[in-house]
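Peer 1: Pasting a structure below so you can have a look.
Protein chains: 2
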Amino acid sequence: MTSLDRFDLKLLHILQRDARLTLGQLSERVNLSTSQCSRRLARLEREGVIQGYSLRVSPDALGLQVTAFIFLSMDKHRMDDPRSAVAALLKRDEVIECHTVTGNHDFIIKVVVGSLGALSSFLAEVVSPLDGIHDIATQVAMDTLKTNGPLRTD
Amino acid sequence: MTSLDRFDLKLLHILQRDARLTLGQLSERVNLSTSQCSRRLARLEREGVIQGYSLRVSPDALGLQVTAFIFLSMDKHRMDDPRSAVAALLKRDEVIECHTVTGNHDFIIKVVVGSLGALSSFLAEVVSPLDGIHDIATQVAMDTLKTNGPLRTD
DNA sequence: CCATTATGCGCAATAATTTTGCATAAAAGT
DNA sequence: ACTTTTATGCAAAATTATTGCGCATAATGG
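Which chain is which? The protein sequence lines are A and B, in order. Start counting the first sequence at 1; every next residue gets the next number (my numbering). Start counting the second sequence at 155; every next residue gets the next number (my numbering).
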């Protein structure tokens with residue numbers, strides 16, 4: 001078990017918002033020396049609290065203009081192993097997120113693609129052919145008010 | 155307009171997966187000098203292709219064990235300005251993502267909170283009190299098969 | 001089609017940042 | 001209270017990032 005004190009939480013709070021601050025800038029804000037910040041971060045990484053560092057890229061700049069949520073229901077017997085039921089989906093770069101959920105559907109899947117045409121192809125060529133599909137519903141995002149929001153640290 | 159050549163795309167592809175590679179490591183993989191990688195990244199940041207750098211933090215380590223999707227419908231007249239209709243939500247740290255969507259509901263909102271109790275409080279104290287709410291539906295994620303997947307770059 | 005200009009490049013010097021050895025101080029355990 | 005462990009800051013060392021410069025290549029314009 002890993003316990004996080006207020007310094008750790010503050011580091012995580014700040015770095016979630018800008019992971020490119022230098023240790024110098026970080027140390028000012030949390031009131032610790034740079035060396036200690038460095039060591040604490042190393043520990044948080046080692047213990048898996050920090051899972052990685054990534055870029056936020058503008059989807060538009062990549063020509064990805066459509067975000068959609070796909071709701072999937074499977075035939076009952078396919079749900080003993082949810083992961084393998086949608087294994088083919090998880091590998092696809094269009095799939096940003098995939099969860100099993102309570103409610104009418106079994107999976108909720110977030111995809112980001114170039115166009116409505118690409119969404120349509122994805123549904124027809126990747127989702128529909130999956131084994132044991134019972135139902136597919138799709139909702140297209142028109143306006144993204146917030147994404148990749150940081151987790152609360154307090 | 156910003157055009158991205160194969161080097162830019164390769165940089166974005168790699169850094170989305172690990173934004174902490176050094177310019178040296180990066181330069182090997184893309185076959186460019188470190189100085190040129192540095193300059194290209196500076197440009198991508200300047201032009202907004204790279205929107206920022208962030209941490210992937212383990213929700214569990216922060217005691218955040220519940221991910222849920224909240225579906226919100228508003229009274230018709232509240233939807234002329236979607237953003238202000240949910241402005242109070244966007245500020246909240248529990249809200250990771252918020253979109254307007256096609257279909258039965260107006261908004262889809264992803265939240266990450268500590269417990270089902272916290273989810274319940276959030277719904278009762280933050281969502282329900284919003285002005286002009288017509289309907290609320292919630293789906294709790296049981297298993298997260300993929301999150302924060304990188305965008306496709308090709 | 002050549003001249004001019006602009007853009008992209010790598011190298012090497014410089015600057016900035018991160019990591020580590022070490023001594024000290026604070027906590028924790030006995 | 002005493003010992004052991006853990007956390008800390010400082011300063012040196014190592015690593016990494018940035019920039020000036022000269023050269024090449026490609027785009028622009030006459």
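Heads up, the beta-carbon is just placed ideally off N, CA and C, and yes, glycines get one too. Quantities reported herein were computed from a predicted structural model and do not represent experimental measurements.
Which class does residue 102 of chain A belong to by DSSP, given the choice of helix, strand or coil?
Peer 2: Here residue 102 of chain A is taken as the residue at index 102 of the first sequence, counted from 1. Looking at residue 102 of chain A - three-state DSSP - the assignment turns out to be coil, as it is neither helix nor strand.
Peer 1: Where does residue 65 of chain A sit, in a helix, a strand or coil, going by DSSP?
Peer 2: For this step, residue 65 of chain A is matched to residue 65 along the first sequence. Looking at residue 65 of chain A - three-state DSSP - the assignment turns out to be coil, as it is neither helix nor strand.
Peer 1: Along the chain, where does the alpha helix (DSSP H) that runs through residue 188 of chain B open and close?
Peer 2: Numbered from its first residue, the second sequence carries residue 188 of chain B at position 34. First-last of the alpha helix (DSSP H) with residue 188 of chain B: 188-200.
Peer 1: Can you give me the start and stop residues for the beta strand (DSSP E) that residue 288 of chain B sits inside?
Peer 2: For the purposes of this step, residue 288 of chain B is identified with residue 134 of the second sequence, where counting begins at 1. That run of the beta strand (DSSP E) goes 287-300.
Peer 1: Residue 24 of chain A and residue 215 of chain B: beta carbons closer than 8 angstroms?
Peer 2: The residue labelled residue 24 of chain A in the question sits at position 24 within the first sequence. The residue labelled residue 215 of chain B in the question sits at position 61 within the second sequence. No, these two residues do not count as a Cβ contact at 8 angstroms.
Peer 1: Taking CB distances under 8 angstroms as the criterion, tell me whether residue 19 of chain A reaches chain B.
Peer 2: Position 19 of the first sequence holds residue 19 of chain A. For residue 19 of chain A, the answer is yes, since a Cβ of chain B falls inside 8 angstroms of its Cβ.
Peer 1: Output needed for residue 222 of chain B: all residues of its chain with C-beta closer than 7 angstroms, excluding positions within five of it in sequence on either side, in chain order.
Peer 2: Within the second sequence, numbered from 1, the residue matching residue 222 of chain B stands at position 68. Closer than 7 angstroms at Cβ, skipping near neighbours: 265, 273, 292, 293, 294, 295.
Peer 1: Determine the contact status of residue 175 of chain B and residue 168 of chain B, defining contact as a CB-CB distance below 8 angstroms.
Peer 2: Residue mapping note: residue 175 of chain B aligns to position 21 of the second sequence, counting from 1. Residue mapping note: residue 168 of chain B aligns to position 14 of the second sequence, counting from 1. A contact, by the Cβ cut-off of 8 angstroms.
Peer 1: Cβ of residue 28 of chain A less than 8 angstroms from any chain B Cβ?
Peer 2: For the purposes of this step, residue 28 of chain A is taken as residue 28 along the first sequence, with counting starting at 1. No, no contact with chain B.
Peer 1: Write down every uninterrupted run of the beta strand (DSSP E) in the region 66-100 of chain A whose length is 3 residues or greater and which is fully enclosed by it, in chain order.
Peer 2: 66-74, all fully within the region 66-100 of chain A.
Peer 1: Would you mind reading off the limits of the beta strand (DSSP E) that contains residue 114 of chain A?
Peer 2: Along the first sequence, one-based indexing puts residue 114 of chain A at 114. Unbroken run through residue 114 of chain A: none, as it is neither H nor E.
Peer 1: Quick check: the region 297-307 of chain B against the region 52-66 of chain A, are there 3 or more CB pairs under 8 angstroms?
Peer 2: Short answer: they touch.
Peer 1: Assign residue 254 of chain B to one of two classes, buried (16 or more other C-beta atoms within 10 Å of its C-beta) or exposed (fewer than that).
Peer 2: For this step, residue 254 of chain B is matched to residue 100 along the second sequence. So residue 254 of chain B counts as buried.
Peer 1: Determine the burial state of residue 243 of chain B: buried for a count of at least 16 other Cβ atoms within 10 Å of its Cβ, exposed for fewer.
Peer 2: The residue labelled residue 243 of chain B in the question sits at position 89 within the second sequence. Residue 243 of chain B comes out buried.
Peer 1: Could you spell out where the alpha helix (DSSP H) holding residue 3 of chain A opens and where it closes?
Peer 2: Along the first sequence, one-based indexing puts residue 3 of chain A at 3. No alpha helix (DSSP H) contains residue 3 of chain A, which DSSP labels as neither H nor E.
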